[in-house]
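As numbered in my numbering, residues 3 to 262 make up the sequence shown, in order. For glycine and all other residues, C-beta sits at the position ideal for the given N, C-alpha and C. Being a predicted model, the structure only gives us computed values, none of them experimental. This report concerns only the one structure given below.
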Amino acid sequence: MGLFGKSEAKDDEGDTPPAVAKKNDDRRLKDEEAPSTICPCACGNRALDWMKGFIEIKPFNVEPRMAQMRWDHIRSEGALLYRNRHLGCFICKHVDPLRACCPAPLQECTFFPLLFPVATHFTFLPFGQAVTSARHEEVCCCSLGAQGCVACSALAWPFYFCAWPAPLACCVSPVIFSFTGAFLTAYQRYKIIKAYGIDDDHLDDYFGDHVGSDACKLALDCCCYPCAAWHQNVFLQEMRAFGHAEEAGDIVVTREPGGV
3 MGLFGKSEAK DDEGDTPPAV AKKNDDRRLK DEEAPSTICP CACGNRALDW
53 MKGFIEIKPF NVEPRMAQMR WDHIRSEGAL LYRNRHLGCF ICKHVDPLRA
103 CCPAPLQECT FFPLLFPVAT HFTFLPFGQA VTSARHEEVC CCSLGAQGCV
153 ACSALAWPFY FCAWPAPLAC CVSPVIFSFT GAFLTAYQRY KIIKAYGIDD
203 DHLDDYFGDH VGSDACKLAL DCCCYPCAAW HQNVFLQEMR AFGHAEEAGD
253 IVVTREPGGV
């Protein structure tokens, strides 16, 4: 049994030994296998299920190989080394004198503001942006539309209410941990992997099985959810840009290694 529920196992084709059998597509997570029952009380589980309704992912018309490549590169480079001229630090984009003070590998990095403070203190903001993107809303501010603002506002209060240190100290504390943010980030990762068909089994080689790697990835996403939220936010924004470029008939060009 897998971490998120039951997983069907198909027989190996021909005489292929189990040790070298190919990974089956039926290992993709199903809707009913999403992580949900993690709270010891029924009221908490109902609240988590209610918040899950605001996590909406719409896959854009992007080549699967492109989506897989971007997912892997964003994760491997990290917030300091992954560069994106559209999403990177606004100081590098708009303040030319200060641009020279930043080392070349770190220019246009996405550490500020997408990791800090968005992913660390305002993790609910990317969730609202994803709703706006999925419903093709007209952007008002902060890449949010009308329904995106509703989703963002609805998730803000449980994010701070279930945070450590105390809710009122979250705004001034340099480091916070929100149990709600950890859960929603892990659930959004599941939705992204299912929507884009991403192979995220990079830890299987270390654990030797799919269950162990799933458990480790879930633990990493929950314990260090700001890094996972940054990764998913950058990926979704790039997929939206690529999707709009494909619809307009433009040529999508990427820089390797690094971002767009």
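Query                                                                                                                                                      : Result
Given a threshold of 16 other Cβ atoms within 10 Å of its Cβ, counted over all protein chains shown, does P66 qualify as buried or as exposed?             : exposed
Pop quiz: I194 and Q234 are said to be a contact at Cβ under 8 Å. What is the actual Cβ separation, rounded to whole angstroms?                            : 6 Å
Could you tell me which residues DSSP puts in a beta bridge with F179?                                                                                     : W166
In chain order, what residues of the same chain lie with their CB nearer than 7 Å to the CB of R101, ignoring the 5 residues before and after it?          : C94 and Q109
Would you kindly report the start and end of the unbroken alpha helix (DSSP H) that includes H233?                                                         : Y227 to A250
Only counting the same chain, and skipping five residues up and downstream in sequence, which positions put a Cβ closer than 6 Å to that of C224?          : A184 and A188
Give me the Cα-Cα distance between D201 and Q70, rounded to the nearest whole angstrom.                                                                    : 7 Å
Helix, strand or coil, according to DSSP, for C151 in the structure here?                                                                                  : helix
What's the C-alpha gap between K60 and V133?                                                                                                               : 8 Å
Assuming C154 and L186 form a contact by the criterion Cβ under 8 Å, report the distance between their Cβ atoms to the nearest whole angstrom.             : So it is not a contact: roughly 12 Å between Cβ atoms.
To the nearest angstrom, how far is it from the Cα of C218 to the Cα of W73?                                                                               : 18 Å
Can you tell me whether N86 is buried or exposed? The criterion is at least 16 other CB atoms within 10 Å of its CB, across all chains shown.              : buried
Can you tell me the Cα-Cα spacing of R242 and L50, whole angstroms?                                                                                        : 27 Å
Report all residues from its chain with a CB closer than 7 Å to the CB of G150; omit the five preceding and five following residues, and keep chain order. : G130, Q131, V133, T134 and E139
Near P228, what residues of its chain come up, given a Cβ to Cβ distance below 6 Å and the 5 sequence neighbours on each side ignored?                     : A121 and T122
Quick one, which of Y198, A106 and A158 has its alpha-carbon nearest S180's?                                                                               : A158
Identify every residue that forms a DSSP beta bridge with L146.                                                                                            : C143
Would you say M53 and P160 are within 8 Å of each other, going by their C-beta atoms?                                                                      : yes
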